[in-house]
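Residue numbers (the working numbering), protein chains in the order written: chain A, 65 to 454; chain B, 65 to 454.
The structure appears below as C-alpha cells.
There are 2 protein chains.
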Amino acid sequence: MAREPKLRPAAPIGIKDIARELGISIGTVDRALNGKPDISAATRARVLDLAKQLGYTPNLAARYLQSRKPVRISVHLPHRIALFWDALRDGIREAAAPFAPALDVDYRTYPCLGDGDIPLLEQALADGTDGLIIAPGNPSALAPHLREAARRNIPVVCVVTDAPDSPRLLSVSADPFTVGAVAGELLGRFTAGTGQVGFFTGWLATQDHADKLRGFVSSLSASNPGLSLGPIIEAHDDEREAHRRARDVLRAHPQLKGLYVSTVNSMPVLRAAEQEGRLEGLTVVTTDLFPELVDWIRTGRVAATVYQRPLTQGRVALQALYQFLQRRHRMPDSQRVVPYVVMRSNLDLVLERLSVDHRSGDGDRMVARRPEKRPPAAKPRPTTRRRTNP
Amino acid sequence: MAREPKLRPAAPIGIKDIARELGISIGTVDRALNGKPDISAATRARVLDLAKQLGYTPNLAARYLQSRKPVRISVHLPHRIALFWDALRDGIREAAAPFAPALDVDYRTYPCLGDGDIPLLEQALADGTDGLIIAPGNPSALAPHLREAARRNIPVVCVVTDAPDSPRLLSVSADPFTVGAVAGELLGRFTAGTGQVGFFTGWLATQDHADKLRGFVSSLSASNPGLSLGPIIEAHDDEREAHRRARDVLRAHPQLKGLYVSTVNSMPVLRAAEQEGRLEGLTVVTTDLFPELVDWIRTGRVAATVYQRPLTQGRVALQALYQFLQRRHRMPDSQRVVPYVVMRSNLDLVLERLSVDHRSGDGDRMVARRPEKRPPAAKPRPTTRRRTNP
DNA sequence: GTTCGCTCCGTGAACGTTCACGGCCAGTTT
DNA sequence: AAACTGGCCGTGAACGTTCACGGAGCGAAC
C-alpha cells in the first residue's frame, strides 16, 4: 500500500497491435473497424474478432485529433413555456461544456410542444446529425421519422415526454406517476381532518397528466384516509379558462381542503383562490417553479411544489447521448429523475442552484427578481467546529 | 436558417500559430507556456502575451495523446459509514468514467472521519497527485497540509464536510442548515396539534450538526406555531447509548409529538420508540437512507427522510475538480446540493436511481434486499396517449 | 587557442487515428 | 495482347502536443 508505483495500465491495445497480430496494415484494420468499403468480408471478420477478443477500444483523443470534425448533436425543444425549456437547454449546455470542442450542440426551437417539431426533425436528418434530443409532443406522428433515424443509426433521446413505442436510445423524464404521488402524499400529510381535495390539470387525455392523476390518487388517501379526491378540473393551458373554472369550483365546493395544481402555470388558480378568500383554509401543492410562484411559497400560501428539474433532465440526456456516441455505452432506456419537493425551507437553496447555471447568460431569471426582502431563515454563520459526521 | 453550412469555428489557434507569429520554434513556445526551464524571461513573456491575446487554448486531445500519463486524482474518504461513503465513491466513479483513460482516480480509505486522513494526505502529496477529494473531519489539524497543497498548486475539493478557513478549490455539501430546516418544516406540517418534538444528533459541537439544529429550529415553529423544540439528545454515534437515551427521553416526555433523528444511524432510536409502543403517536423524520430504513418508510412508521445525496455530491466534486485541472475553470467555491425529501411515494424512484449506479459491481445494496413484497403503489401502465405538456 | 560549461533555442520523433493516394492482381473488355 | 476495370490492400502524411537531443553562441578557465 505504501510504495506501489501505480503500475501502468499496460498500454491499451490499439489499431496497430491488431494489424501486427494479423499481419495486415493499419489502414485495413481501420476500414474493418469503421465499417468502410474496400475490404473483403473475410478480413473484416478476422479483424472484428480479434478486436473484440483483445478488448480494443479506440483512442478518442487520437480520433478527435485526426478528423477534427466534432460530434454534432441537435436539440429540438419548444419555446413555450420558455422558463422550463430554457432551463432544460441550460442543463444540456452545462453538460456539454466539458466536451468542447469535440462536441457541437445546436439548438432549434419551435413554438409549442407537438407543434412544428416534425419539419425540424426532417431537416436535421437531412443535414446530417450524429444524435438528437427531442421532446415528442405527438409520439404517433413522430414515429415514422424516429424509425428513419433508427434506420440511419442516429440515436435519439427523449426528454420530459416519451415516445415509448418508437425506437429511441432512451428517455429522460421526471416520472409523472411519482410526481403525482408525491403531491398526493404531501397534500395528505399536510392537511388535517377530513374532506375533499381538488386536482387541476391540463388535458386528462395527455399521458403525462393522466399518470400524475393516477399517482396522486394512489397516495392521497393512503397518506390521509380522511381525504378523498374531489373535483378534477381540466384547464387546457388557458389562463382565463383556468381562472374561471377555479373560481367556479371553489364556490361549488366550499368545504374543499386542498388543491393540487399539476399544470405548468398555476397562477390563475392561485389568484382565483386568493380572490375568493379561500387561501386560509386550503393546502395548496403545485408543480414546477417559476418566478411568480417564489413569493407564494415563501409566504406559505403554497405549501410545496413538486419540481421536475429540467436542468437535471437536460444534463442526464446529453451525457447519456454523448456517452453512447463516443463509446457505445448504453444506459437503461428509461432514466427517471427524482423530482424535488420544494418548500419554504429549501426554496433558496434550489434557487441558488438555478441561478448558478447562468454564468454565461442573462443571469436574472428567478433569483434577482426578489432581492433580500424577507430574511430567508437566517444564513448560517461560523461557530466552533470540531469533527463532523454525515 | 435553412442552409447555413455551420461555419467552421475557424481553426482554433495552436501552439504553432504562436511560433510562426513570433518567428520562433514550437519547442520554445511549449517551454514558455508550460513553465519549463531553458527559456529566457523575455521570450517567455512575449509568448505568454501573444497566447493570451490570441486566446490560445491547448488542445487536450493532442496533449493526452502525446504524454499519455493521465491526470491523477486522489480520493480520501472514510470507511465508516460504508453505505454513505461507498455511494459517494460511486458518484465519483460514475462521473470519472466518461474521461477514462485520460483520468486516473485512486481511492484511499481510512477508518473513520477525522481519524487517519492526515498520513494519507501527506503520502498523496509526496507521491505526487494532480488533485484531491477529501472529507475534512478535523479542519484545524488538516490546515497546514492544505496550505502545503495550495503552495504546490494542487487543488483540493472538500465533500460532505468543509474546511472553510483553509485554502481549497471548493467544497461540495448538502447544506446542513437546509437539511435541518427541511426536516423541521416537514415535521411542523406533518404534525397536527400542539406539543414538543425531540431532536437527536451526534455531537452538538460538530459544525454540521449544530447547523442542522439551527435550521431545524428556524423552520419548526414557523411551519407550525403549536410545536416547539423539546429535548435535544446527543447520541455520540453509539448504538447502545442512542437506544438507551431514546428510551429514557420517550419515558420522560410522554407527550412528545415528533422526532427528528439527524444522525447517520437512526435505527436505535426507531427501535426504542417501537419497543416503547410510542410509534403511533409520533411523527418521525430521519436523515439519509439505508436498507434498514427502507421498510420503515414504506410502512409509514418514518414519515420522511432527508437524503443528502452522496452520489450527487461525488459527481459534482469530481466534475468540478476535473474541469479545473483541464481548463482552469473555476466554479463558485461552495457547491450546495439540494437534499431529497424521500417519502413513501418516491422511495422506489430514489432506490431505482441508487441501484442503477451499480452496473459494474456487487449490485445488491439497497433494492434487491426487499424484492416485490409490498406492491409499492401501483406501477404505471400504458393508456391512451396523445399529446403532452410538462 | 582549445576546452569546458552554461544558457537558450531549434529539430524531429513520437502518440493513435483517419484518409487520400496509389499499387497489385484478378477478371473482363477491346 | 494490350488496355481497362474493380476489389482489396499498403503507404505515408497529417492532427497538436510533448520531450529528448543536440547545436549555436558566449564567456571563463586551462
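No residue lacks a Cβ here, since even glycine has one placed at the ideal position from N, Cα and C.
DSSP places V366(B) in the coil class of the three-state scheme, outside both helix and strand. Taken in chain order, the members of the region 274 to 286 of chain A whose beta-carbon sits within less than 8 Å of a beta-carbon on chain B are A274, D275, R278, G279, S282, S283, A286. In the DSSP annotation of this structure, the continuous segment of the beta strand (DSSP E) that includes Y174(B) starts and ends at 167 to 174. The continuous beta strand (DSSP E) containing H140(A) extends over residues 135 to 142. Put simply, the backbone Cα of F241(B) is about 31 Å away from that of V224(A). Spanning the alpha carbons of R157(B) and V221(B) requires a straight line of approximately 15 Å. In the structure shown, D226(B) falls within a coil segment according to DSSP collapsed to helix, strand and coil. In the structure shown, the three-state DSSP call for I361(A) is helix. Scanning the region 270 to 345 of chain A from its first residue to its last, the whole alpha helix (DSSP H) runs of 4-plus residues come out as 271 to 287, 303 to 316, 331 to 339. For A109(A), the three-state secondary structure derived from DSSP is helix. Sorting G195(A), I198(A), P231(A), G201(A) by C-alpha distance to the C-alpha of R211(A) places P231(A) at the top. Taking all protein chains in view, the Cβ of K276(B) is crowded by 16 or more other Cβ atoms within 10 Å, so the residue is classified as buried. Chain order gives the chain B residues near R408(A) as A245, E249, S283, A286, S287, where near means a beta carbon separation below 9 Å. In the DSSP assignment, F263(B) falls outside any alpha helix (DSSP H) and lies within the beta strand (DSSP E) extending over 259 to 265. By the rule that beta-carbons nearer than 9 Å mark a contact, D412(A) touches chain B. A direct Cα-Cα distance of roughly 21 Å separates L114(B) from A126(B). DSSP lists V236(B) as the bridge partner or partners of Q399(B). In the pairwise beta carbon analysis, the region 184 to 202 of chain A is classified as touching the region 120 to 139 of chain A: at least three pairs are separated by under 8 Å. Partner residues in the beta bridge of D179(A), as assigned by DSSP, are C176(A). Chain B places no beta carbon closer than 9 Å to that of N98(A), leaving this residue out of the contacts.
Think of a sphere of 7 Å around the beta carbon of F254(B): the chain A residues whose beta carbon falls inside it are R253, in chain order. Counting along the chain, L206(B) sits inside the alpha helix (DSSP H) bounded by residues 203 to 215. C-alpha of P228(A) to C-alpha of D397(A): approximately 10 Å in a straight line. For I90(B), the CB contacts under 7 Å within the same chain, skipping 5 residues up- and downstream, are I79, K80, A83 in chain order.
Counting along the chain, G378(B) sits inside the alpha helix (DSSP H) bounded by residues 374 to 391. Residues are counted here when their Cβ sits less than 7 Å from a Cβ of chain B; for the region 124 to 147 of chain A these are A125, A126, Y128, L129, given in chain order. Here the region 242 to 256 of chain B does not lie against the region 299 to 307 of chain B, with fewer than 3 beta-carbon pairs under 8 Å apart.
Straight through space, the alpha carbons of A166(B) and L385(A) are spaced by roughly 20 Å.
Between the region 174 to 182 of chain B and the region 406 to 414 of chain A there are fewer than three inter-stretch CB-CB distances shorter than 8 Å, so the stretches are not counted as touching. In this structure, the straight-line span from the alpha carbon of D168(A) to that of A159(B) is close to 21 Å.
By the Cβ test, the region 117 to 133 of chain B is not in contact with the region 343 to 353 of chain B, since fewer than three Cβ pairs between them sit closer than 8 Å. For T242(B), the neighbours in chain A by C-beta distance under 7 Å run, in chain order, S409, N410, L413. Per DSSP, Y128(B) is one residue of the alpha helix (DSSP H) stretching across 124 to 130. A direct Cα-to-Cα measurement between V261(B) and L293(B) gives close to 5 Å. Neighbours of E416(B) in chain A, taken as residues whose beta carbon is under 8 Å from its own, are R400 in chain order. Counting the other Cβ atoms within 10 Å of the Cβ of E249(B) gives 16 or more, which makes it buried.
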